[in-house]
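Chemist:
Protein chains in written order, with the working numbering: chain A, 16 to 131; chain B, 7 to 350; chain C, 3 to 173.
1) How would you call residue 28 of chain B, buried or exposed, if buried means at least 16 neighbouring beta carbons within 10 angstroms?
2) Rounded to the nearest angstrom, what separates residue 34 of chain B and residue 147 of chain B at their Cα positions?
3) Using CA coordinates, which residue listed in B:91, B:61, B:157 and B:235 is at the minimum distance from residue 29 of chain A?
4) Can you tell which of B:326, B:278 and B:152 has the C-alpha that lies nearest to the C-alpha of residue 80 of chain B?
5) Shortest alpha-carbon distance to residue 218 of chain B belongs to which of B:68, B:273, B:123 and B:136?
6) Assuming residue 212 of chain B and residue 91 of chain A make a contact with CB atoms under 8 Å, what is their CB distance in whole Å?
7) Need the endpoints of the alpha helix (DSSP H) that residue 107 of chain B sits in, please.
8) By alpha-carbon positions, which one of B:270, B:74 and B:125 ends up nearest to residue 196 of chain B?
9) Using a Cβ-Cβ cutoff of less than 7 Å, which residues in the same chain neighbour residue 86 of chain B once the five nearest sequence positions on both sides are dropped?
10) Sort B:56, B:99 and B:82 by Cα distance to residue 27 of chain A and report the nearest one.
11) Report the residues of the segment 15-30 of chain B with a CB closer than 9 Å to any CB of chain A, ordered along the chain.
12) Could you work out which residues of chain A lie near residue 166 of chain C, taking near to mean beta carbons separated by less than 8 Å?
13) Taking the beta carbon of residue 9 of chain B as the centre, do at least 16 other beta carbons fall within 10 Å, making it buried, or is it exposed?
14) For a test of the three-state rule: what should DSSP assign to residue 116 of chain B, helix, strand or coil?
15) Just to confirm before moving on: does the CB-CB distance between residue 80 of chain A and residue 333 of chain B stay below 7 Å?
16) What ranges does the alpha helix (DSSP H) occupy inside the segment 78-143 of chain C, keeping only unbroken runs of at least 4 residues that lie completely in it?
17) How many angstroms separate the CA atom of residue 152 of chain C from the CA atom of residue 158 of chain B?
18) In whole angstroms, give me the CA-to-CA distance for residue 160 of chain C and residue 168 of chain C.
19) Closer than 8 Å by beta-carbon distance: list the chain A residues that pair up with residue 33 of chain B, in chain order.
20) Please list, in chain order, the chain C residues whose beta carbon lies closer than 7 Å to that of residue 95 of chain A.
21) Along the alpha helix (DSSP H) that carries residue 121 of chain A, what are the first and last residues, could you check?
22) Figure out for me which residue from C:23, C:9 and C:41 has the closest Cα to the Cα of residue 176 of chain C.
23) Express the C-alpha separation of residue 259 of chain B and residue 106 of chain B in angstroms, rounding to a whole number.
24) Determine the chain B residues that contact residue 56 of chain A at a beta-carbon separation under 7 Å, and present them in chain order.
25) Hey, residue 53 of chain B and residue 44 of chain B: beta-carbon distance below 7 Å or not?
26) Output the distance between the C-alpha atoms of residue 87 of chain C and residue 52 of chain A, rounded to the nearest integer angstrom.
27) Within 7 Å of any Cβ in chain C, is that where the Cβ of residue 53 of chain A sits?
28) Looking at the unbroken alpha helix (DSSP H) that takes in residue 54 of chain A, where does it start and where does it end?
29) Ignore the nearest five residues each way along the sequence and tell me which others in residue 65 of chain B's own chain have a CB closer than 8 Å to its CB.
30) Classify residue 58 of chain B as helix, strand or coil using the three-state DSSP reduction.
31) Could you compute how far the alpha carbon of residue 97 of chain C sits from the alpha carbon of residue 35 of chain A?
32) Answer yes or no: do residue 17 of chain C and residue 33 of chain C have a C-beta to C-beta separation smaller than 7 Å?
33) Name, going along the chain, the residues of the segment 225-248 of chain B whose beta-carbon falls closer than 8 Å to a beta-carbon of chain A.
34) Taking three-plus beta-carbon pairs below 8 Å as touching, is the segment 324-339 of chain B in contact with the segment 103-123 of chain A?
35) Taking 7 Å as the CB-CB cut-off, is residue 323 of chain B touching chain A?
36) Would you identify the three-state DSSP class for residue 124 of chain B, choosing helix, strand or coil?
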């Protein structure tokens, strides 16, 4: 039942996204020329490619994000059963969170969270 | 599964789909009217009475405009980008309970497309795929502004995803289920979660603003620095898809906020006057939509009131304030639940 | 062939097709996108088998986390837009042989393992059961691994910060 509806929605979504683009492709007139085909920068011809090397800061944040993302995934099943399991679960997660909080503090102190 | 069920589900899917699109369409109109109101202007008033045909006119314009795909771009990915953005925006409405259930001829018809029992994680997953629409489009444009906008957007979205997830964890500790339907059903009458978790609600709402790239978190398309941000090179319907996806996301976020924290379709005191379950269901849906419209209004109100953050402020807010606070909030929720005897 | 089987084959074709495209594409960004679609297909497969929680984890961690990281590391390279060099023939052959070998190993292990049908009722893979197993302190519980995971994650985080900070200072 659930999967069937999801598939139905999937088809609706693809049909709408594809249909919209196809329709505008049919309706819109097109007269391409070289000036239109250039990437916009400020009006004068752009220099160099835009696929350049990026600041390592973004990568650093993505790495820390991944660690916390995995932590978060572990916390969901815990949160669902915490009421049933009781005190033990609470102590367990406090230890778990404390260790990861130390990680965040370490990242902070090392300046990894500083944007530059 | 019977044919009746299949037909019913199909109708419901199409309804949810078209309502999302309709609300998104008129959100663009509402945004311009509200902006005009807040800035003491008139706003759109030419197309139809009070300008209510403006979204239709905009739609037609989007379809008819010339489509420009830059020669330097990566063509296939350039088309996939907005399609993914639109598609993920449409996929979220499926787990939201729009109302209780209709009883027609002894049969129960729930007003929810599907009750995945990990509903919240489903929402969370689709939100995390949403990054790719922007990232693919921005990279494929081969434009410096687009790429900067795209990488800003993705970095911002992953940062706020964490605080959002943690605020949901605190909510789940209380509800003990991941099913969105059950969470809505638990908030009967006045037992809205916001009253028990006001701080979690605030955290969630801030993160929802950041996830939808709305002001004051609209750095990815900040005009003064990045021209149009990730959609600088886009034109015609593909641009329309990006803008439209933003409004659908706003609608769905409002619906999620209303469901998780503000009681969903529940309406206090209604049980005194209305007893027929069908009328209850219909009124519940109406009330739910009132809540949604209020939050959409809030999104717009904030946009036209607050100035934009600087990027380092945005990252600091996400990592140095919201994430530690959200972690503490989870711990504090646990301790309070222990003190009040909910955890033995 | 029933509808259910049809869905399975569509999912399998999506996964394998995108996986092949991911390793054969010369454009590194496109490879990442094919990998993304392949991973989404795997999540679909879990969903099809009713392992809903695992499907969600697949999406949140792999699709929403690891591929973002891969794309960010592509942004770090100098020549993200150019075609990659064609690998030498010898390398291609060796890589092909290695992957065939790995596949053979997996198939062989599956053939060797005799799966015993059990009378015991299957444990429902619901979030509730997963949570209870994870926190249980009995000998069948996973409490110790759960806590050790946090230390592992901490170690991973410290490692990546140390490496990345060094790069940042050099840059």
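The beta-carbon is built from N, C-alpha and C at its ideal position, and this holds for glycine as well.
Modeler: In short, the structure shows the following:
1) Exposed, because fewer than 16 other Cβ atoms sit within 10 Å of the Cβ of residue 28 of chain B.
2) For residue 34 of chain B and residue 147 of chain B, the distance between alpha carbons rounds to 25 Å.
3) Here the closest residue by C-alpha is B:91.
4) Comparing Cα positions, the closest option is B:152.
5) Distance from the Cα of residue 218 of chain B is smallest, within the candidate group B:68, B:273, B:123 and B:136, for B:136.
6) Contact flag wrong, Cβ pair sits at about 21 Å.
7) Residue 107 of chain B -> not in any alpha helix (DSSP H); beta strand (DSSP E) instead, spanning 107-110.
8) For residue 196 of chain B, the closest alpha carbon among the candidates B:270, B:74 and B:125 is that of B:270.
9) Closer than 7 Å at Cβ, skipping near neighbours: 142.
10) Nearest of B:56, B:99 and B:82 to residue 27 of chain A, Cα basis: B:99.
11) Contact annotation: in the segment 15-30 of chain B, residues whose CB is within less than 9 Å of a CB in chain A are 15, 16, 18, 19, 20, 22, 23 and 27.
12) Within 8 Å Cβ-Cβ: 71, 74, 75, 78 and 127.
13) Exposed is the call here.
14) DSSP places residue 116 of chain B in strand when its eight states are reduced to three.
15) Residue 80 of chain A is not a Cβ neighbour of residue 333 of chain B, given a cutoff of 7 Å.
16) Whole alpha helix (DSSP H) segments, 4+ residues: 91-114 and 129-137.
17) Residue 152 of chain C and residue 158 of chain B: Cα-Cα distance of roughly 29 Å.
18) Approximately 12 Å between the Cα atoms of the pair.
19) Contact annotation for residue 33 of chain B against chain A: no contact, minimum CB-CB distance about 17 Å [criterion: below 8 Å].
20) Within chain C, the residues near residue 95 of chain A are 129, 130 and 133.
21) 102-124 is the extent of the alpha helix (DSSP H) around residue 121 of chain A.
22) As shown, chain C starts at 3 and ends at 173. That puts residue 176 of chain C outside it, with no answer to give.
23) Rounded to the nearest whole angstrom, the CA to CA distance from residue 106 of chain B to residue 259 of chain B is 20 Å.
24) By Cβ distance, chain B contributes 150.
25) Contact flag unset, no.
26) Cα-Cα distance, rounded: 27 Å.
27) False, the Cβ-Cβ gap to chain C never drops below 7 Å.
28) Note, residue 54 of chain A: premise wrong, no alpha helix (DSSP H); not H, not E.
29) Hits under 8 Å: 31 and 246.
30) Residue 58 of chain B falls in the coil class under three-state DSSP.
31) Approximately 42 Å between the Cα atoms of the pair.
32) Judged by beta-carbon spacing, residue 33 of chain C lies beyond the 7 Å limit of residue 17 of chain C, meaning their Cβ atoms are not closer than that value.
33) Answer in chain order: 233, 238, 239, 242, 243, 244, 246 and 247.
34) Contact holds: three or more Cβ-Cβ distances are below 8 Å.
35) It does not: the Cβ of residue 323 of chain B has no partner Cβ on chain A nearer than 7 Å.
36) DSSP, reduced to helix, strand and coil, places residue 124 of chain B outside both helices and strands of the structure shown, so it counts as coil.
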